[in-house]
Amino acid sequence: MATLLLRPTARLAASLPRAQRLVRFNSSSAALAAGTTRDPAHPHLYYHASPPPPAAPQSLILTFTPGRPTEYLSFLPLGSAPVLPTGGPDLTAFQEHPYFRNVLNAAIRDALDKGGNKGLEYEAARRGSDGYITIKDERAVPEHDRTGATEDILGSVFVKDGKIVPSTYEPLPTYRLVTTDGVCRLPEGLDAHLMSMLDAIAAQEAENARLDAEEAAAEEAALEVERRRIAEEDARRR
Numbered sequence: 210m211a212t213l214l215l216r217p218t219a220r221l222a223a224s225l226p227r228a229q230r231l232v233r234f235n236s237s238s239a240a241l242a243a244g245t246t247r248d249p250a251h252p253h254l255y256y257h258a259s260p261p262p263p264a265a266p267q268s269l270i271l272t273f274t275p276g277r278p279t280e281y282l283s284f285l286p287l288g289s290a291p292v293l294p295t296g297g298p299d300l301t302a303f304q305e306h307p308y309f310r311n312v313l314n315a316a317i318r319d320a321l322d323k324g325g326n327k328g329l330e331y332e333a334a335r336r337g338s339d340g341y342i343t344i345k346d347e348r349a350v351p352e353h354d355r356t357g358a359t360e361d362i363l364g365s366v367f368v369k370d371g372k373i374v375p376s377t378y379e380p381l382p383t384y385r386l387v388t389t390d391g392v393c394r395l396p397e398g399l400d401a402h403l404m405s406m407l408d409a410i411a412a413q414e415a416e417n418a419r420l421d422a423e424e425a426a427a428e429e430a431a432l433e434v435e436r437r438r439i440a441e442e443d444a445r446r447r
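So this is what it looks like as structure tokens:
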């Protein structure tokens, strides 16, 4: 599998499956870069070939943003998966990226703090006593009044006097970004906060990449000036 060459964003640095799932691609969008496709069954999911064209891809990088991650150890990828003969990802062999979960949980905390999910607020208000409520991934909706599988529970948060206490949010370590039911889908509201945070990270990482390219070009130009100076001195000595 190709190495994922992606860099942590400083301001966030502090902060599997049981069966094979086949994905049909929608590659008709001219706005997407070569080697990037969108999953039509998911509102935000994109696949980026690694390595990018024209090389034959060995794996696909999964993100919720359309642009290919530009930084080493980026916070944008959910992870990667091998390429199936159909061209889609083999999600049974999904490998989670180490930084995405930091963003996911930061977005959930931010949304809870800002009242970002009406469904959770309603559940908290109708609760008869103080206690914890769970936050569930919506890729697999459990039967009425069922808790759901632990791999689909993002975490829990304490409710006091019918109000959510955002500081008490605790992620559940058994939660999986990818299961046989699909890829991570946050409840409405939490989802919007996550996408807003990812868009900001993508913009920052793109700016970092631009600055790195400018710095590299300036260094190369300085080296070229020095090479010419040395060549001219050598020519005068002859």
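Numbering (the numbering used here), first residue to last: 210 to 447. Ideal placement from N, C-alpha and C gives every residue a C-beta, glycine not left out.
Express the C-alpha separation of glutamate 379 and aspartate 248 in angstroms, rounding to a whole number. 30 Å
What residues match up with serine 289 in a beta bridge as DSSP calls it? Ile270 and Gln304
Starting from alanine 258, trace the beta strand (DSSP E) both ways and give me its first and last residue. 255-259
Does DSSP classify lysine 323 as helix, strand or coil? coil
Does the separation of the CB atoms of lysine 399 and asparagine 314 fall below 7 Å? The sequence shown places leucine at residue 399, rather than the lysine named in the question. No.
Test item: CB-CB of leucine 407 and leucine 287 under 7 Å: no
Near arginine 216, which residues of its chain fall below 7 Å by C-beta distance, leaving aside the five closest residues on each side in sequence? No answer about arginine 216 holds up, because its pLDDT of 43 lies below 50 and its placement is not dependable.
Nearest CA to the CA of glutamate 305: which residue from Leu285, Gly276, Lys323 and Leu321? Leu285
I need the boundaries of the beta strand (DSSP E) containing glutamate 379, first residue and last residue. 372-380
Can you find the residues in the same chain that come closer than 6 Å, C-beta to C-beta, to serine 236, ignoring five residues on each side of it along the sequence? Confidence in serine 236 is poor, its pLDDT being 37 and thus under 50, which makes the residue's placement too unreliable to answer from.
Among Ala426, Leu269 and Ser376, the one whose alpha carbon lies nearest that of proline 294: Leu269
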